[in-house]
Amino acid sequence: MKWTKSLIPTLKETPAEAEIVSHKLLLRAGLIRKLTGGLYTFLPLGLRTLHKIEQIIREEMNRAGALEVLMPTFQPSEIWQQSGRYETAADVLYKVRDRAKKEWILSPTAEEVITSLAAGEINSYRQLPINFYQVSIKFRDEIRPRFGLMRAKEFIMKDAYSFDVSDEAAMGSYRKMYDAYKRIFDRCGLKNFPVEADTGVIGGNYSHEFMVPAETGENDVVFCEGCGYAANVEKAASGIPKTAPREIGPAIEKFATPGVVTIEALSKAPYSVPANRQIKTLIYIADSKPILVLVRGDDQLNEAKLASAIGTTIFRPAEAQEISDALGAHPGSLGAVGVTKFSVYADERLRGANDMTTGANEDGFHFRNVSIDRDIQVTKWADLRTVTKGEPCAKCGKPLKIQRAIEVGHVFKLGTNYSEKLNAMFLAEDGQRYPCVMGCYGIGVTRTLQAVIEQSNDKDGIVWPVSVAPYTVCITPLSVAPDSAVMKLAEQLYSDLTARGVDVILDDRDERPGVKFKDADLVGFPIRIGIGEKSLAKGEVEIKPRTGAVQPVKPEEAVERVLSLIAELTPRAS
RNA sequence: CGGAGCGUAGCUCAGCCUGGCUAGAGCACUUGCUUUGGGAGCAAGACGUCGCAGGUUCAAAUCCUGUCGCUCCGACCA
Numbered sequence: 001m002k003w004t005k006s007l008i009p010t011l012k013e014t015p016a017e018a019e020i021v022s023h024k025l026l027l028r029a030g031l032i033r034k035l036t037g038g039l040y041t042f043l044p045l046g047l048r049t050l051h052k053i054e055q056i057i058r059e060e061m062n063r064a065g066a067l068e069v070l071m072p073t074f075q076p077s078e079i080w081q082q083s084g085r086y087e088t089a090a091d092v093l094y095k096v097r098d099r100a101k102k103e104w105i106l107s108p109t110a111e112e113v114i115t116s117l118a119a120g121e122i123n124s125y126r127q128l129p130i131n132f133y134q135v136s137i138k139f140r141d142e143i144r145p146r147f148g149l150m151r152a153k154e155f156i157m158k159d160a161y162s163f164d165v166s167d168e169a170a171m172g173s174y175r176k177m178y179d180a181y182k183r184i185f186d187r188c189g190l191k192n193f194p195v196e197a198d199t200g201v202i203g204g205n206y207s208h209e210f211m212v213p214a215e216t217g218e219n220d221v222v223f224c225e226g227c228g229y230a231a232n233v234e235k236a237a238s239g240i241p242k243t244a245p246r247e248i249g250p251a252i253e254k255f256a257t258p259g260v261v262t263i264e265a266l267s268k269a270p271y272s273v274p275a276n277r278q279i280k281t282l283i284y285i286a287d288s289k290p291i292l293v294l295v296r297g298d299d300q301l302n303e304a305k306l307a308s309a310i311g312t313t314i315f316r317p318a319e320a321q322e323i324s325d326a327l328g329a330h331p332g333s334l335g336a337v338g339v340t341k342f343s344v345y346a347d348e349r350l351r352g353a354n355d356m357t358t359g360a361n362e363d364g365f366h367f368r369n370v371s372i373d374r375d376i377q378v379t380k381w382a383d384l385r386t387v388t389k390g391e392p393c394a395k396c397g398k399p400l401k402i403q404r405a406i407e408v409g410h411v412f413k414l415g416t417n418y419s420e421k422l423n424a425m426f427l428a429e430d431g432q433r434y435p436c437v438m439g440c441y442g443i444g445v446t447r448t449l450q451a452v453i454e455q456s457n458d459k460d461g462i463v464w465p466v467s468v469a470p471y472t473v474c475i476t477p478l479s480v481a482p483d484s485a486v487m488k489l490a491e492q493l494y495s496d497l498t499a500r501g502v503d504v505i506l507d508d509r510d511e512r513p514g515v516k517f518k519d520a521d522l523v524g525f526p527i528r529i530g531i532g533e534k535s536l537a538k539g540e541v542e543i544k545p546r547t548g549a550v551q552p553v554k555p556e557e558a559v560e561r562v563l564s565l566i567a568e569l570t571p572r573a574s
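The first sequence begins at 1 in our numbering and counts up by one.
Pasting the structure below:
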């Protein structure tokens, strides 16, 4: 490609709309332009990188035996009603109506569609296992799109869906995808690591997210350097000890705590009840009814874990009026002692705890000497607390660390939830019909692109890994007069490298050298070949890796040198 | 949806508080001349319904009200 024949609108200044480095560089390097919030146009350079990432994904999915298909963007709302997600996923669904007023859903994901396909096409265990994937645009009515491509209303996703005869077989499909994902992100030049993930309401039993460490990520990952344990904080558990029971206290006792409405206030004189001897009582509204959630005074509730415990994501903290209606007191004086009207969810760390203090459901009063087993009717025990850094690893005891990260992929064992609801059954060897055991696997392709930039840049611009760079080589002639020796050599190298299968761009703009160098660095081509009068007079051209030193070579050796440099710089799957 | 901030040229911004002549700068763009190894210089030029609507006023980019859009913080997620 000749630079003057493309559209590469680089910007000297950072557009005010961008906050994080990758978003700034996407705009400055001329890869994307915003249409409106959460919606972007890919310019020629951005699209080339996107295609390269997609190509890596296709190669690895095919290698893993998955079959590429393409499903419609419009989905009938009936299948969403069948799966139950018409309600549970309602918030993110874009709905449109046609002239007959029929409602359609713009695909946010495709479990319903692929399961419908499988219901029609899969009849026998002999057809299994099978895995379908597609690369397509997805639509999600995000509450808050942000950071450019990181969270957009519309984005490109690779989604795959596996069908197996048994749970055990499904683990095999899962493993293949897990390995393929590792290879994909490695080949994209990303530092990445899988972590255990929250399975949420779908109730699947096994899930990993692929994370790219970055301070601007939206996830907290808990990890252990000792044994390699790693999990999303939504899922992570630690080996922190339960609350030790003490001598069985005397009977429960109410005492006055006028004006005390925080854990902290109660921990100070004259009460001096340490936070770890208090029960924090939170009220949520789930399924239109109040529920009580208990965690230790020094712990934080993890709402993702609560969602798993109660089996729905549709819940919210109760409002002041709802709280006093339910318990007759205000926040700060709430407790679960004697409460039988509402469900009580308690964190495991409280199991067996006694000698605890909690609100008395009477403003200005607390109970002491509370024994959970004796005084509180717990509906369900669950892990509800949020792990914090420094807690001992549950597996090896070493202190846990926490790292911010970008989620670029998610593998998920689904089980038979969708296949049962949408009737994806197969006939087994024993003559019985069984639901297919499913898995689903997603990669945010556009997010992966931005994650590469977020992780790989310096003060001058993007530092593309060879595997996903829009062009691998940028030839920079310092004179562009058509009959000059410099330009003739540039044209020669351009066609020679192109003939060898290298993606080359020739910066044929009549610009001063500084402008060309700055732009090449900003866009981040892995290798630049500088050709000027001075170097040519010495019988040399200059090969400059984006982050390395200039290597002068003879013009006739340039092609081979570039080819070996490319081989050297290309990221590989570990 | 709750909280905060911002809308003036293609981009980055000044002007607004304290209303007043023809609304400004830098970058980018067009033409010419000079320059040519890390974002050049000079000259000339083109580019604006000051987000939109209403109000106050002799007079509104500036004050008031409403509205739309954008960005950031929280819930959501690839």
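Ideal Cβ placement from N, Cα and C applies to all residues, glycine included.
1. Does I53 come out as helix, strand or coil in the three-state DSSP assignment?
2. Taking C-alpha atoms, which residue in A382, V378, Y441 lies nearest to E348?
3. Can you tell me whether R296 is helix, strand or coil according to DSSP?
4. Report yes if the C-beta distance between I56 and V221 is below 8 Å; otherwise report no.
5. Taking only runs of the alpha helix (DSSP H) that begin and end inside the segment 514–562, which ones reach a length of at least 4 residues, in chain order?
6. Between D198, E533, D508, which lies nearest to L414 when the distance is taken from Cα to Cα?
7. Is N192 buried or exposed, if buried means 16 or more other CB atoms sit within 10 Å of its CB?
8. Is it right to say G539 is buried, meaning 16 or more other beta carbons lie within 10 angstroms of its own, or is it exposed?
9. Does the separation of the CB atoms of V452 and T570 fall below 8 Å?
10. Please give the ranges of any beta strand (DSSP E) in the segment 80–150, keeping only runs that are unbroken, at least 3 residues long and fully inside the region.
11. When the distance is taken between beta carbons, is T476 closer than 8 Å to K516?
12. Between the Cα of Q660 and those of I156, T313, R97, spot the shortest distance and give me the residue it belongs to.
13. Identify the residues that DSSP records as bridge partners of A231: which are they?
14. Taking only the alpha-carbon atoms, compute the straight-line gap between V293 and F185 and give it to the nearest angstrom.
15. Would the segment 33–47 count as touching the segment 456–465 if we require 3 or more Cβ pairs under 8 Å?
16. Roughly how far, in whole angstroms, is the beta-carbon of L26 from the beta-carbon of L11, given that I think they are within contact range, below 8 Å?
17. Let me know the beta strand (DSSP E) ranges lying completely inside the segment 458–496, each 3 residues or longer, listed in chain order.
18. So within the segment 249–278, which uninterrupted alpha helix (DSSP H) runs reach at least 4 residues, ignoring any that extend past its ends?
19. From R144 to G38, what does the alpha carbon distance come to, in whole angstroms?
20. Can you check whether the CB of Y441 is closer than 8 Å to the CB of D159?
21. Please go through the same chain and pick out, in chain order, the residues whose beta-carbon is closer than 7 Å to the beta-carbon of I285, but skip the five residues on each side of it.
22. Looking only at its chain, what residues have a beta carbon closer than 7 Å to the beta carbon of D363, apart from the 5 residues adjacent to it on each side?
23. Give me the residue from P513, G548, A549, C436 with the minimum Cα distance to E168.
24. Do I279 and R296 have their C-beta atoms within less than 8 Å of each other?
25. With 16 as the cutoff for other CB atoms within 10 Å, does C188 come out buried or exposed?
Once the coordinates are examined:
1. helix
2. Proximity to E348 across A382, V378, Y441 peaks at A382, based on C-alpha coordinates.
3. Strand.
4. In this structure, the beta-carbon distance from I56 to V221 does not fall below 8 Å.
5. Segments of the alpha helix (DSSP H) lying fully in the segment 514–562: 533–537.
6. D198
7. buried
8. Result: exposed.
9. The answer is no: Cβ separation not under 8 Å.
10. Runs found: 94–97, 103–106, 130–139.
11. Note that the C-beta distance between K516 and T476 is below 8 Å.
12. A query on residue 660 cannot be resolved here, the shown segment of the chain reaching from 1 to 574 and no further.
13. E196, V222
14. Distance between the alpha carbons of V293 and F185: 39 Å.
15. no
16. About 11 Å; that fails the 8 Å criterion.
17. 473–477
18. Here the runs fully enclosed are 263–267.
19. 8 Å
20. For D159 and Y441, yes; Cβs fall inside 8 Å.
21. The answer, listed in chain order, is F315, R316, A318, E322.
22. A329, H330, S333
23. Nearest C-alpha to E168: C436.
24. With respect to the 8 Å criterion, I279 and R296 are classified as neighbours on the basis of their beta carbons.
25. By the 16-neighbour rule on beta-carbons within 10 angstroms, C188 is buried.
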